[in-house]
Amino acid sequence: MPDSQSLDEEAPAAERGPRGIQSVEVGGALLIALAHLGRPLALKDLAREAGMPPAKAHPYLVSFIKLGLVEQEAGSGRYGLGPLALQLGLISLQQYDPVRLATPRVEELAQALDVTVAIAVWGNRGPTIVRVAEAPSPVHVSMRHGTVMSLRGTASGRLFAAYLPREQVLEALGSEGGPATFDAELQSHLDQARALGIASSRDGVVAGVSALAAPVFDDQGRMVLSITAIGPSSGFELAANGAMAQALKRTGSELSRQLGWRG
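Under our numbering, read the sequence shown as residues -13 to 249, first letter to last.
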């Protein structure tokens, strides 16, 4: 019988998968280590993080320096990401549309959590729903595109109010028709949202409806959207350490990292 190697060689290319260049993949581990740690490293430390001996890592670094992917500090000799790597990173960030990135994730969350999940961004009148993924179960909360969420009474609104500049929030509060002030109740909700990394509301605007909202940040640490789970208050888990809140926060953190956030 032919051995496994000969069988693999005879297998169609589509079954074996696309061929790569192993040396590029090996050297790429050094770039991944630098990007992951986010600071210049000595040769021995960088090689250790990449899982290779320093003698093996050094030739790769020499080539990366020539390309501008890596640069070496003159004084310390440590290696960090070079100008080309930084330029590529900026171009990548410019190509990322936060809403486009988040859309398939809210679809997944709606299926996994069995609740309606929405994306809200800051619009001219405040937090505005721009994407909605309905719950798969027949019992769900209807949410329309273009709905402006209350800053005081909704999870999305409280989340934006917690993270956006105070002057911007005060202006939006005034446009809602209520007092343009941070009263004690609202301030308590905002402090809690920042401390827990998630905002909540129960029966805030519509009786029988509850919600949780997690933030997504860009590379400058600015909140660009909220991911909000909405459902009937009966059976809706609002605990910050509950499964639903953790799933929302995890998705928000993953999207934020894709957008360059390093918080």
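Think of the CB as a built atom: it goes at the ideal place given N, C-alpha and C, for glycine as much as any other residue.
Rounded to the nearest angstrom, what separates residue i and residue j at their Cα positions?
i    : j    : result
W108 : I18  : 34 Å
A251 : S123 : No information on residue 251 is available, as it lies outside the stretch -13 to 249 that the chain covers here.
T167 : S136 : 14 Å
L70  : I51  : 10 Å
R248 : L20  : 14 Å
F146 : E94  : 23 Å
A119 : Q154 : 29 Å
V116 : P26  : 40 Å
K30  : M38  : 9 Å
D83  : A225 : 30 Å
I216 : V10  : 46 Å
G68  : V56  : 4 Å
Y149 : R208 : 8 Å
S242 : Q73  : 19 Å
P113 : L234 : 18 Å
D189 : Q244 : 33 Å
R86  : I213 : 13 Å
R34  : A41  : 11 Å
G132 : R111 : 10 Å
G13  : I105 : 38 Å
E162 : G246 : 33 Å
Q232 : T140 : 19 Å
Over the uninterrupted alpha helix (DSSP H) stretch that includes residue i, give me the two end residues.
i    : result
R236 : 229 to 244
G160 : 152 to 161
V10  : 8 to 23
R180 : 170 to 182
Should residue i be labelled buried (16 or more other beta-carbon atoms within 10 Å of its own) or exposed?
i    : result
L23  : exposed
S142 : buried
D187 : Note that residue 187 is Ser in the sequence shown here, rather than Asp. Classification for S187: buried.
L99  : buried
G6   : exposed
L211 : buried
P151 : exposed
G194 : exposed
V134 : buried
A158 : buried
P45  : exposed
A60  : exposed
R286 : The structure shown does not extend to residue 286, since the chain is modelled only from -13 through 249, so no value can be given for it.
A170 : exposed
V266 : In this structure the chain extends from -13 to 249, so residue 266 is not present and cannot be described.
I need the boundaries of the beta strand (DSSP E) containing residue i, first residue and last residue.
i    : result
R188 : 185 to 188
A197 : 195 to 203
Problem - Stretch-stretch touch, CB-based, cutoff 8 Å, three pairs: the region 203 to 223 with the region 169 to 182 - result: No: fewer than three Cβ pairs fall under 8 Å.
Problem - Sufficient close CB pairs (3 or more, under 8 Å) joining the region 199 to 206 to the region 234 to 243 - result: With the cut-off at 8 Å, the region 199 to 206 and the region 234 to 243 touch.
Problem - Inside the region 107 to 149 only - alpha helix (DSSP H) runs reaching at least 4 residues - result: Within the region 107 to 149, the complete alpha helix (DSSP H) runs of at least 4 residues are 141 to 149.
Practice task
Quick one: which unbroken alpha helix (DSSP H) runs of 4-plus residues sit fully inside the region 28 to 91? Chain order, please.
Solution key: When DSSP assignments are scanned along the region 28 to 91, the uninterrupted stretches of alpha helix (DSSP H) that are 4 or more residues long and fall wholly within it turn out to be 29 to 36, 40 to 53, 69 to 81.
Exercise for the section: At 3 residues or longer, and completely inside the region 205 to 229: list those beta strand (DSSP E) runs for me, N to C. Expected result: Runs of the beta strand (DSSP E) inside the region 205 to 229: 209 to 218.
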